[in-house]
Structures are given as structure tokens and as C-alpha cells.
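Inspection log for the structure reproduced underneath, given as C-alpha cells.
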Amino acid sequence: MRYGSRIGEPTTAGRRLKRTAVAVLLGSLAAAAAIGAGTAVAHQVSFPTDVDVPFELVPPSETGAGLFAGRVTSPRSACLAARTVTAIAVHDDGSRRVVDRARTSANGGFGLRFDVTGVDYGILKVARKRFGPKGKRHRHVCRPARISGRSGGGM
Amino acid sequence: MSADPARTGLRRAGIAASVALLAAALALLVVGPGSADAHKRSVATTILFGAGDVTDDDQVLFLGRVKAPARSCRAFRPVTMTFVYSDGRRRVDRGPTSRNGAFALLGPFDPEPDRVVFRAPRKRFAPKGKRHRHVCRGARLVLPIN
Numbered sequence: 252m253r254y255g256s257r258i259g260e261p262t263t264a265g266r267r268l269k270r271t272a273v274a275v276l277l278g279s280l281a282a283a284a285a286i287g288a289g290t291a292v293a294h295q296v297s298f299p300t301d302v303d304v305p306f307e308l309v310p311p312s313e314t315g316a317g318l319f320a321g322r323v324t325s326p327r328s329a330c331l332a333a334r335t336v337t338a339i340a341v342h343d344d345g346s347r348r349v350v351d352r353a354r355t356s357a358n359g360g361f362g363l364r365f366d367v368t369g370v371d372y373g374i375l376k377v378a379r380k381r382f383g384p385k386g387k388r389h390r391h392v393c394r395p396a397r398i399s400g401r402s403g404g405g406m
Numbered sequence: 195m196s197a198d199p200a201r202t203g204l205r206r207a208g209i210a211a212s213v214a215l216l217a218a219a220l221a222l223l224v225v226g227p228g229s230a231d232a233h234k235r236s237v238a239t240t241i242l243f244g245a246g247d248v249t250d251d252d253q254v255l256f257l258g259r260v261k262a263p264a265r266s267c268r269a270f271r272p273v274t275m276t277f278v279y280s281d282g283r284r285r286v287d288r289g290p291t292s293r294n295g296a297f298a299l300l301g302p303f304d305p306e307p308d309r310v311v312f313r314a315p316r317k318r319f320a321p322k323g324k325r326h327r328h329v330c331r332g333a334r335l336v337l338p339i340n
């Protein structure tokens, strides 16, 4: 009397089981690929940032501390608040120095104050910001921004 | 039984020492508040208005600065901007000052408020747990519109 089959000789039930397993595996792989491709296209992970300095209060003699009002804009509201803005002054002799640093308000506004004496032009840098769920896979990024300009000429 | 002169002297010396200690404690109590007054614990803060303008997308942007003798009281102070209407008030924006004390806050200017109130709350700037904690006093600026 023989029970089962010989080693290496599959039974009918075993073959059926194997076919079902292969079909399920292929199906799930195809579904995962389809969902993955779909989200990759629809899911935007990085957002542009723009920075503007609508007005400034510079003393008439262009000596002393000037006040600058700036604004960060982005299509994504999460990219407006708490962005780090660095003001770099480039002097007439070519030297550059970080003169002020700010964080944007909830609506994207920021103010800067620095001595404009001997400054040729200024550079504003808005740092990249990561937001979204914690963890490495699903992080979203607000792209950095940078502008430069002369005081009085609008940055 | 008569008292031992040596023991009486010792007792007198003990009483004198206790009185001296009490006097010293009293003196400390009197001098203490004086020295606390001499040590400046709170720093005045003022909010100065710089300029304001309406942007292209009908938002109003206000620029100002926080003035204080201590750098810790100027840098990274949170400032709130509230619009006051005849029938209520609304907090429009909140943001920290820059390292040098400048701030710019913006919000929708429609409907136009009666007043704009800027407020910088009180801030502690000494390490927590230390006895001589320093405080930047809170400041408020009311800006009437029209």
C-alpha cells in the first residue's frame, strides 16, 4: 500500500495548489506595480518656493540699520510657515557675512534688520524644509529659494 | 548648690552667639531685597512699527521691530498680529522676530479692521531652575487704521 506520491512526483491537489499560489503571487505583484506607478505620478513630493521683498525701510543716507519686509510664497501652505531665511550682505570689497536670520510667520512673512553701510548687495536664502509624516519613505520637501538684489532696487 | 562660674560664662557666651546669629539673619533679611532690586530681573520690551503695505493679492504686510536692551529679548520673540473689528477680533498671523528683532506679519485686509494689535508675550531667558531667572517683559502696540 502506498500513501501519497513518490518524492518529486506531484499529486493533482498539489499541482492545483501550486497553480493557485502562482496566480495569487502574480496578481498581487501586478496590483502593487499598478498602485505604485499611479501614486508616483499623482503624488508630488517636492514643492517650489518663491521669495520676495515687497518693501524696505532704509535710512535716507543709506547708513545704519535697514528694515526689510519679506514674504515666502508657495503653492503648498505647509511651505510658508517656519522657513529659515538667511540674509547675507556682500560688501564693496567682496567680503560676505551673514547679517540676520529669521523664521517665517504662519502666513510666510519675515522681517530682517541689518546695517546697510558698505553693503554692495544682499542675498536672501530660504532653506529647504521637510514636512509630512515621520519616517524616511513619505517625506515631502519644500524646495529652497534664493534671491539677490541691491538695497533700494528691490530684492 | 551654687552655679559653676565656668558654666555660667559658657551659657552667657552661647546666648551672645545666638543673639549675634539672629541679628545677622535679620540683617540678611533687610539687605536681601535691596540686592535683589539691584539685580535687574526684568527687561523692558517695546514694539516699534515700521511700515505697512497692501500686496498684490490683497494681503497687508506689516513690518516692525522689537526693541529691548537685552539681545535675548529682541531675538526670536514670538509676535502676534490681531485685527480688531467693531464686532470682534481675529488673530491673523503669528511669527518670531529675526535675530536682530525685526518682524513682518501678513494677513487678509478684507474686511478692513478698526485697529491692529501687535503683541509680544513675556519671555524668560535664563536657564530654567536657576534662582536668578530673567524676564523680558511683554509688549503691546495698538495701531489704529484710518
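So the sequences go chain by chain: R and C. Just add 251 to the spot in the first sequence (first one is 1) and you have my numbering. Just add 194 to the spot in the second sequence (first one is 1) and you have my numbering. Note that the Cβ used here is the ideal one computed from N, Cα and C, for glycine as well. Note that the coordinates shown come from a computational prediction; the quantities given were computed from them, not determined experimentally.
With distances taken between CA atoms, C/Pro-315 lies nearest to C/Ala-333 out of C/Ala-333, C/Arg-205, C/Met-275. For the stretch 357-382 of chain R, the residues whose beta carbon sits under 8 Å from a beta carbon of chain C are, in order, Ala-357, Asn-358, Gly-359, Gly-360, Phe-361, Gly-362, Leu-363, Arg-364, Phe-365. Minimum Cα-Cα distance from R/Pro-310 among the listed residues R/Thr-368, R/Leu-363, R/Lys-376, R/Leu-375 corresponds to R/Thr-368. In the DSSP assignment, C/Gly-301 is bridged to C/Val-254. Ranked by Cα distance from R/Gly-373, the first of R/Leu-308, R/Lys-385, R/Ser-399 is R/Ser-399. A contact is defined here as three or more CB-CB pairs under 8 Å, and the stretch 339-351 of chain R fails this definition with respect to the stretch 257-276 of chain C.
Cβ atoms of R/Val-336 and R/Val-370 stay farther apart than 8 Å, at about 17 Å. Straight through space, the alpha carbons of C/Pro-338 and R/Arg-347 are spaced by roughly 40 Å. R/Gly-321 is bridged by DSSP to R/Phe-361.
At a cut-off of 9 Å, the C-beta of R/Val-309 has no neighbouring C-beta in chain C. If you draw a straight line from the Cα of C/Thr-249 to the Cα of R/Glu-307, it comes to about 14 Å.
Its Cα nearest to that of C/Cys-267, the residue C/Thr-240 stands out among C/Thr-240, C/Gly-246, C/Asp-281. If you look at C/Cys-267, you'll find it in the alpha helix (DSSP H) that goes 265-268. Under the three-state reduction of DSSP output, C/Arg-206 falls in the helix class. Just so you know, the alpha carbons of R/Ile-339 and R/Arg-354 end up roughly 15 Å apart. Pairing R/Val-350 with C/Ala-245, the inter-Cα distance amounts to about 21 Å. Residue environment: R/Val-296 is assigned as exposed (fewer than 16 neighbouring CB atoms within 10 Å of its CB, all protein chains considered). Identification of chain C residues near R/Pro-305 by a Cβ-Cβ cut-off of 7 Å yields Asp-247, Thr-249, Leu-255, ordered along the chain.
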